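To start, the structure itself, in structure tokens.
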Amino acid sequence: MDSNIYRSIALCIPCRRSCGMGKKETLMIKKQKALIIVCLVVIVALTVVYFAVVAPMLNKKPDIKLTENIGMECYNVGSDLIRVTKDKNGDEKWINIRTNKEYELPKGVESASAFTHLMFPTVELEDISELTVNNENGEFGFYQDEKGNFYLKDRKGTPYDNNAFTYLMVAARHPVVYSRMTEDISDLEKYGLDKDSSPAWYELTDKKGNSYKVTIGDLAPTEDRYYVMVDGVDAIYIADTEVNYLLRSAESYVLPILSYPTDSTEYYMTEEFILEVDGEKFMEIKYLSELERINKATNSYYEMLTPADYPVNSTNYDTILKKFTGFQGTETVAFGKSDEVLPMETLAQYGLDKPKYSIYYKYSGAKNNVWVSELQTDEETGESFYYAYSVAFNLVAKVSPLTLEFLSWDLLNYIDRPVLAHTNINNIQTIAIKGDGVDEEFTVAGSDEGLNIVCKSSGRKFSGDSAMDFRRFYKKLLEIALQDYTESKATDDVLMTLNIVTDADEEMEYIFYSTTSGHCYYTINGEGEFYVLRDRIERILLDTKTLASGGEITGEAT
158 MDSNIYRSIA LCIPCRRSCG MGKKETLMIK KQKALIIVCL VVIVALTVVY
208 FAVVAPMLNK KPDIKLTENI GMECYNVGSD LIRVTKDKNG DEKWINIRTN
258 KEYELPKGVE SASAFTHLMF PTVELEDISE LTVNNENGEF GFYQDEKGNF
308 YLKDRKGTPY DNNAFTYLMV AARHPVVYSR MTEDISDLEK YGLDKDSSPA
358 WYELTDKKGN SYKVTIGDLA PTEDRYYVMV DGVDAIYIAD TEVNYLLRSA
408 ESYVLPILSY PTDSTEYYMT EEFILEVDGE KFMEIKYLSE LERINKATNS
458 YYEMLTPADY PVNSTNYDTI LKKFTGFQGT ETVAFGKSDE VLPMETLAQY
508 GLDKPKYSIY YKYSGAKNNV WVSELQTDEE TGESFYYAYS VAFNLVAKVS
558 PLTLEFLSWD LLNYIDRPVL AHTNINNIQT IAIKGDGVDE EFTVAGSDEG
608 LNIVCKSSGR KFSGDSAMDF RRFYKKLLEI ALQDYTESKA TDDVLMTLNI
658 VTDADEEMEY IFYSTTSGHC YYTINGEGEF YVLRDRIERI LLDTKTLASG
708 GEITGEAT
């Protein structure tokens, strides 16, 4: 060692005698040196422990127990798909399928419950070419066209339920399994997966030509879960509950729509409505344009063509028309190609080869026909329903009686009680009344407050203040109301005839026949079903005489 170093050390060694240091101070210094040495040893030991034990533990993935993947299996966590394999040392290795790189756990993932076990990697919806499903209900499928639209195979025009379709596709393209049951496939019969058991299956094909065929066997002991296997993999799985969507019938995915929907704000403009019962026309109503309303001297938007020109009860008729904004049943039970008609033997199964009712309506040029069976009763639930066949969509659906409540309506439900309801005097040319000792005609000109009425026989004019008498008379005409169905249609005793001619020269003839002391059967242009009160008609005849002779009419005016 260099002598200078020794010299430096020697100079640094304190001289006990010259510094005045005693034995006690020397002992304290020794203790301090020992403490420093102990601390250094502890620090070194902790450093070794950290790098040898703690650091590896911090860098290690949480102890998540996942089954090592076989075949096409993988796990789904978040938006990632991972495969679990083992490296050459037997250590677990996680690979991101999409990036083909080692997978890093997302923050907060500390248990296997965050992972979804899949039989094969998820196929994105936009990548699907077609799906074929075969089960005890038959075979059906969906395909995607070049524009990204999905259709039922061989049934392009058939409407399907978007919600049900979404669940079906998720079940098929995202094949979640509860667990891998076994890798022993030597006894498929045990699981209902052998060919002799005729198991259900589905095949999903993507746009690259990759196909995944899954066979669905018996129910596993776990409720609502089935044994399944995918072609090319020697393993049997227990599928999650979503597989039930692949066991449903094609009909369950078809929307039970009965007709083309009308606009929710313009449904009242339905051009025609016809209801037939047992093949006979029961009701026919048409929409009136503004010009037609003027020509008929009516304020109503509707004209009843069958059974007679009765005033339409617009409130009740509106209830019917509203149904056509979304006219559909509760479930589809049969369907065919939309440009064909179901065979009669199929329709006969639902009582539709000779339908009890036939509904026709025309809206915005589109014609809709729906045939309806007699009211049915479910043997199990006791609930009532109808079968309805949509000609437009070539399908049969179950329909709630509430949807078709108008089928049980009486004719009176369609008719406004006032015989002259909706009649607009502003568009009337003449009013003629005949009866016992009465034969008068009133000509009408002008409108509203400017009305000019002339009694033809007497020449009396009703205008200005004198028009109030005629208004009171006209109000009583409007108050003539049908009561109920007549018991007699005898026409040998005419009590009064009322003729109204509009400005467009359209004529309406009302004839009132005396049938009893209190009733008058009446017809409109020769057609009738109902009676009115006799005293109302007698009052009109009396007031007609009063007007013609210059007398006053009592009561309130219109």
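Residues 158 to 715 in my numbering are what the sequence shown spells out, letter by letter. No residue lacks a Cβ here, since even glycine has one placed at the ideal position from N, Cα and C. These numbers were taken from a predicted model, which means no experiment stands behind them.
(Q) Between Ala465 and Ile681, how many whole angstroms is the CB-CB distance? I'm expecting something under 8 Å. (A) The beta-carbon distance between Ala465 and Ile681, rounded to whole angstroms, is 5 Å. This is short enough to meet the 8 Å contact definition.
Q.
Based on DSSP bridge pairs, tell me the residues matched to Pro575.
A. Partner residues in the beta bridge of Pro575, as assigned by DSSP, are Ala638.
Q.
By the DSSP assignment, the beta strand (DSSP E) with Met653 in it spans what residues?
A. Met653 -> beta strand (DSSP E) spans 651-659.
Q: Name the one or two DSSP bridge partners that Glu249 has.
A: Glu249 pairs with Lys243.
Q: Determine the burial state of Gly349: buried for a count of at least 16 other Cβ atoms within 10 Å of its Cβ, exposed for fewer.
A: Gly349 is buried by the Cβ-count criterion.
Q.
Check for me: the beta strand (DSSP E) holding Ser547 runs from which residue to which?
A. Per DSSP, Ser547 belongs to the beta strand (DSSP E) from 541-547.
(Q) Using a 10 Å radius around the Cβ and a threshold of 16 neighbouring Cβ atoms, would you call Gly298 buried or exposed? (A) The residue is buried, with at least 16 neighbouring Cβ atoms inside 10 Å.
Q. Run through DSSP, which three-state label would Ser336 get?
A. Note: Ser336 maps to strand in three-state DSSP.
Q: Could you have a look at Phe719 and say whether DSSP puts it in helix, strand or coil?
A: Residue numbering for the chain in the displayed model covers 158 to 715; residue 719 lies beyond these limits and cannot be assessed.
Q. Can you name the start and end residues of the alpha helix (DSSP H) that Phe322 belongs to?
A. Judged by DSSP secondary structure, Phe322 falls within the alpha helix (DSSP H) whose first and last residues are 319-330.
**Q.** Val498 (DSSP reduced to helix, strand or coil)
**A.** DSSP, reduced to helix, strand and coil, places Val498 outside both helices and strands of the structure shown, so it counts as coil.
(Q) I'd like the list of long-range same chain contacts for Val642, defined as Cβ closer than 7 Å, with 5 residues on each side in sequence excluded. (A) Reading off the sequence, residue 642 comes out as Tyr, not Val. Excluding residues up to 5 positions away in sequence, Glu686, Phe687 lie with their Cβ nearer than 7 Å to the Cβ of Tyr642 in the same chain.
Q: State the Cα-Cα distance for the pair Asn473 and Gln533, rounded to the nearest angstrom.
A: Here the alpha carbons of Gln533 and Asn473 stand approximately 25 Å from one another.
Q. Looking only at C-alpha atoms, which of Ser541, Ser623, Thr487, Val553 sits nearest to Pro505?
A. Correcting the residue identity first, residue 505 is Ala in this sequence and not Pro. Of the candidates Ser541, Ser623, Thr487, Val553, the residue whose Cα lies closest to the Cα of Ala505 is Val553.
Q) Which same chain residues, not among the five before or five after Ser604, have their C-beta less than 6 Å away from its C-beta? A) Cβ contact annotation for Ser604 (same chain, cutoff 6 Å, sequence separation greater than five): Asn583, in chain order.
**Q.** alpha helix (DSSP H) segment containing Ser471, residue limits
**A.** Boundaries of the alpha helix (DSSP H) harbouring Ser471: 471-480, taken from the DSSP string.
Q: Please determine, among Ile252, Lys370, Leu698, the residue with the shortest C-alpha to C-alpha distance to Phe630.
A: Nearest C-alpha to Phe630: Leu698.
(Q) With distance defined between alpha-carbon atoms, name the residue in Gly522, Thr487, Gly508 nearest to Asp420. (A) When each option's Cα is compared against that of Asp420, the closest is Gly522.
Q. By Cβ distance, which residues of its chain are closer than 7 Å to Asn401, with the 5 residues on each side in sequence left out?
A. Taken in chain order, the residues that qualify are Asp381.
Q) Would you call Asp573 buried or exposed, if buried means 16 or more other Cβ atoms sit within 10 Å of its Cβ? A) Buried, because 16 or more other Cβ atoms sit within 10 Å of the Cβ of Asp573.
Q: Sort out for me which residues DSSP pairs Met665 with in a bridge.
A: Paired residue(s): Ile657.
Q: Within 10 angstroms of the Cβ of Ala407, are there 16 or more other Cβ atoms? Answer buried if so, exposed if not.
A: With 16 or more Cβ atoms within 10 Å of its Cβ, Ala407 is classed as buried.
Q) Is it a yes or a no for the region 390-401 touching the region 443-451, going by three-plus beta-carbon pairs under 8 Å? A) Taking 8 Å as the limit for Cβ pairs, the verdict is that the region 443-451 does not touch the region 390-401.
Q) Who pairs with Lys370 in a beta bridge, going by DSSP? A) Answer is Glu360.
Q: Please confirm whether any heavy atom of the ligand FAD lies closer than 7 Å to the CB of Ala454.
A: Of ligands this structure carries none, so the ligand FAD is not represented either.
Q: To the nearest angstrom, report how far apart Phe277 and Val390 are at their CA atoms.
A: Straight-line Cα distance between these residues: approximately 10 Å.
Q) Which same chain residues, not among the five before or five after Lys364, have their C-beta less than 6 Å away from its C-beta? A) Only Asp284, Ser286 meet the Cβ criterion.
Q. Does the Cβ-Cβ distance between Arg337 and Ala271 come in under 8 Å?
A. Not closer than 8 Å, so no.
Q) Closest by CA to Thr279, which one among Glu695, His331, Asp700? A) Of the listed residues, the one whose Cα sits closest to Thr279 is His331.
Q. Under the rule that 16 or more other beta-carbon atoms within 10 Å means buried, what is Leu376, buried or exposed?
A. With fewer than 16 other Cβ atoms inside 10 Å of its own Cβ, Leu376 counts as exposed.
Q. In three-state terms, what does DSSP make of Tyr410?
A. Helix at Tyr410.
Q | Per-residue DSSP class, three states only, for Leu288 | A | Reduced to three states, the DSSP call for Leu288 is strand.
Q. For the 8 Å Cβ check, are there 3 or more pairs between the region 554-563 and the region 486-496?
A. Yes, the region 554-563 is in contact with the region 486-496.
Q: Report the three-state DSSP secondary structure of Thr580 (helix, strand or coil).
A: Residue state, collapsed to three classes: strand.
Q | From Gly607, Tyr260, Leu577, Lys613, residue whose alpha carbon lies closest to that of Leu655 | A | Comparing Cα positions, the closest option is Leu577.
Q. Skipping 5 residues on each side, what residues in its chain have a beta carbon closer than 7 Å to that of Ser268?
A. The residues are Ile221.
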